[in-house]
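FYI, the working numbering numbers position 129 of the sequence shown as 131, with every residue one higher than the one before it. Some notes on the structure that comes next.
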Amino acid sequence: MTSQHRKPPGPRVVIVGGGLAGLATAVALVGRGLRITLVESRPRLGGRASSFLDPATGEPVDNCQHVSLGCCTNLADFCRRVGTADLFLRGPEIVFLSPEGRVSRLRAGILPAPFHLAGSFLRANYLSASDKLRVAYGLACLRSSRGDRPGEPFADWLLRHGQTVGTINRYWATVLVSALNERLEQMDVGYARKVILDGFLRNREGCRMEVPLVPLGELYGTRLETWLREHEVAVLLMTGVRKVDVDAEEGLTGVTLRSGETIDADFVVAAVPFDRVLGLFPGDLVGRIPDLTGLEALRASPITGVHLWFDRPVCPFDHVVTVGRLIQWVFNHTAIQGRRAPGQGGGQYLQLVISAAYDLLALDKTAIRNAVLAELSEIWPEASGARLLRWWVVTEHGATFAVRPGVEALRPRQRTPVEGLFLAGDWTATGWPATMEGAVRGGYLAAEGILEDLGRPIPLIQPELPPSLLARWLLGPPDAGTAARFRQAIPPGGPGAHGGRAGRGRSWARWTGR
């Protein structure tokens with residue numbers, strides 16, 4: 003092919019951050035004629051959904067257990083795109099263990115949504131008959147709670163709608179604290195409503211558990227790195243970005259690395275945690291993005307993961323929810339992933355999860371270990387006779403943004419007023435709480451904006467699971483979400499009307515045919 007017939011090089015996209023939001027942005031843009039560079043300061047991809055190597059054994063240890071649900075349609079789409087959809091254990095039920103040690107199983111019955119879980123709910127032995135009546139009343143009230151007393155914490159809402167300390171601790175906290183990583187007394191009502199209605203009630207498949215069959219460092223790290231490189235994405239690990247470069251005359255020009263080198267770009271996506279994004283932008287640039295003012299008011303919520311390797315089996319389940327305890331979830335990685343302590347053919351590796359772990363922040367790791375070991379011995383007495391071979395306590399202080407009342411107004415849109423500059427992350431305005439699904443949605447919305455600016459509008463956001471006709475009638479339609487909000491944010495006159503580089507809207511002509 004002669005040079006006069008050779009296609010001009012495509013637009014340059016630099017994605018800062020290799021967590022799920024940055025990965026989703028890159029994956030969504032692959033194959034669309036763009037030159038994509040993904041820059042990550044750490045030696046691995048995956049962000050908070052990653053693993054580290056135990057220096058003594060060389061075994062990967064996840065920062066904290068991550069699971070998906072059937073309602074996470076965009077995370078599922080992401081995994082299908084990169085070929086990892088088969089790396090999840092999908093089970094038909096969730097096991098709950100009462101404080102007295104009795105087992106209840108949550109699984110869909112024969113009735114249509116929203117009554118598909120009614121049989122399991124009625125059989126739940128950690129709630130009394132009167133408790134179930136109160137919870138049912140609360141669920142009925144929750145469907146009409148949109149806009150009810152803005153700023154009210156969910157715990158106050160529950161008390162105002164007939165709930166007792168018992169129903170709050172045994173039902174509402176059991177379901178929502180682990181889902182939203184926040185205490186009920188600090189939780190926004192709207193996010194609680196979304197988990198219950200969209201995650202559990204609208205569709206029979208919404209609460210289907212999906213647990214990774216491999217360590218997170220493989221699922222979102224090495225496999226994604228290989229896939230991206232095979233699809234001609236430049237992946238730069240251990241490469242920090244000092245700042246985003248915006249020239250007064252030229253507009254967005256790229257990024258400056260901590261090494262002092264620069265990478266030119268037509269588009270930059272800041273896909274870093276919310277508490278780091280402001281550090282990428284010079285002060286005058288921050289002043290041009292009004293949405294960023296809310297970030298300083300965002301707060302983080304911690305999660306603690308406890309990894310225990312025993313010399314014998316302790317937990318008889320693949321995974322189990324423990325009701326009314328410090329430990330909220332127990333995951334049996336020997337059953338799920340076939341992993342155990344090296345050289346221990348009959349041992350067991352458990353990972354315990356404690357969400358909204360504020361009370362643990364003042365404790366040292368040994369104290370946390372001792373507390374969970376004591377609880378395990380109460381749950382399964384055989385644990386007291388098992389020998390603990392190895393253990394890790396990992397606390398992610400900034401695991402998620404805290405879903406406190408009014409937080410939705412603080413979350414910025416993916417598109418900024420600076421032409422070519424986008425934000426991505428679970429903390430952006432996605433319509434979802436701080437989850438892997440929210441992170442992927444944030445990345446997809448940023449990618450949609452880039453393609454819109456190039457004159458190639460493509461909807462990337464996958465629809466929510468469709469509610470059954472009965473659920474739609476009883477619960478009303480799901481919230482429209484944030485995709486519409488993002489698209490409405492494109493100013494009149496199209497992508498070229500954002501300001502920034504003069505004539506930038508015309509500069510895309512060689513790629514868009516305009």
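In this text, a Cβ means the ideal position worked out from N, Cα and C, and glycines have one as well. Computed from a prediction, not measured in an experiment: that's the story for all the values here.
- Of the candidates Ile338, Leu25, Leu36, the residue whose Cα lies closest to the Cα of Glu42 is Leu25.
- When C-beta atoms of the segment 80 to 100 are compared with those of the segment 275 to 287, fewer than three pairs fall below 8 Å, so the two segments do not count as touching.
- According to DSSP, Arg290 shares a beta bridge with no other residue.
- Here Asn171 is not near Thr402, since their CB atoms are 7 Å or more apart.
- Annotation for Asp266: the continuous beta strand (DSSP E) segment containing it runs 264 to 266.
- In this structure, the CA atom of Gly326 is about 7 Å from the CA atom of Ser100.
- The segment 215 to 223 and the segment 60 to 78 touch, with no fewer than 3 CB-CB distances between them shorter than 8 Å.
- Listed in chain order, the alpha helix (DSSP H) elements of length 4 or more contained wholly in the segment 150 to 204 are 156 to 162, 175 to 182, 191 to 196.
- Only residues of its own chain outside the window of five on either side were considered, and among them Leu412 have a CB closer than 6 Å to the CB of Gly296, listed in chain order.
- According to the DSSP secondary-structure assignment, Asn334 is paired through a beta bridge with Leu352.
- Residue range 471 to 477 is occupied by the alpha helix (DSSP H) that includes Trp475.
- In the three-state scheme derived from DSSP, where H, G and I count as helix and E and B as strand, Asp79 is classed as helix.
- Look at Trp229 here: in three-state DSSP terms it is helix.
- Distance between Phe54 and Arg389, taken at the CA atoms: about 24 Å.
- Taking C-beta atoms as the reference points, Gly20 and Leu36 fail to come closer than 7 Å.
- In the structure shown, Arg371 adopts helical secondary structure according to DSSP, grouped into three states.
- Gly457 and Gly85 have their C-alpha atoms roughly 29 Å apart.
- Closest in C-alpha terms to Ala142, from the list Gly348, Arg195, Thr241, comes Arg195.
- With a 10 Å radius around the Cβ and a threshold of 16 neighbouring Cβ atoms, Gly289 comes out exposed.
- In this structure, Ser303 lies away from Ala441, with their beta-carbon atoms at least 7 Å apart.
- Linking Gly12 to Ile291 through their CA atoms gives a straight-line distance of about 27 Å.
- In this structure, Ser180 sits near Gln330, with a CB-CB distance shorter than 7 Å.
- Proximity of the segment 442 to 451 to the segment 459 to 468 meets the contact definition, three or more beta-carbon pairs being nearer than 8 Å.
- Taking the Cα positions, Gly60 is about 13 Å away from Arg392.
- Of Leu129, His163, Glu207, Met438, the smallest CA-CA separation from Pro468 is found for Glu207.
- Non-local C-beta neighbours of Tyr222 in its own chain, meaning closer than 6 Å and more than five positions away in sequence, comprise Gly48, Ala51, ordered along the chain.
- Rounded to the nearest angstrom, the Cβ distance from Ile38 to Val235 is 5 Å, consistent with a contact under 8 Å.
- Look at Asp361 here: in three-state DSSP terms it is helix.
- Of Ile381, Ser470, Leu144, His309, the smallest CA-CA separation from Phe117 is found for Ser470.
- In the three-state reduction of the DSSP assignment, Leu144 falls in the helix class.
- When the beta-carbon positions are compared, Val18 and Ala267 stay at least 7 Å from each other.
- A straight-line Cα-Cα distance of about 11 Å links Val191 and Leu178.
- Ranked by Cα distance from Pro45, the first of Thr241, Val197, Glu212 is Thr241.
- Using a Cβ distance threshold of 7 Å, Gly153 and Gly408 count as a contacting pair.
- Between Phe319 and Val97, the CB-CB gap stays under 7 Å.
- Per the coordinates, the alpha-carbon of Ala126 lies some 33 Å from the alpha-carbon of Glu410.
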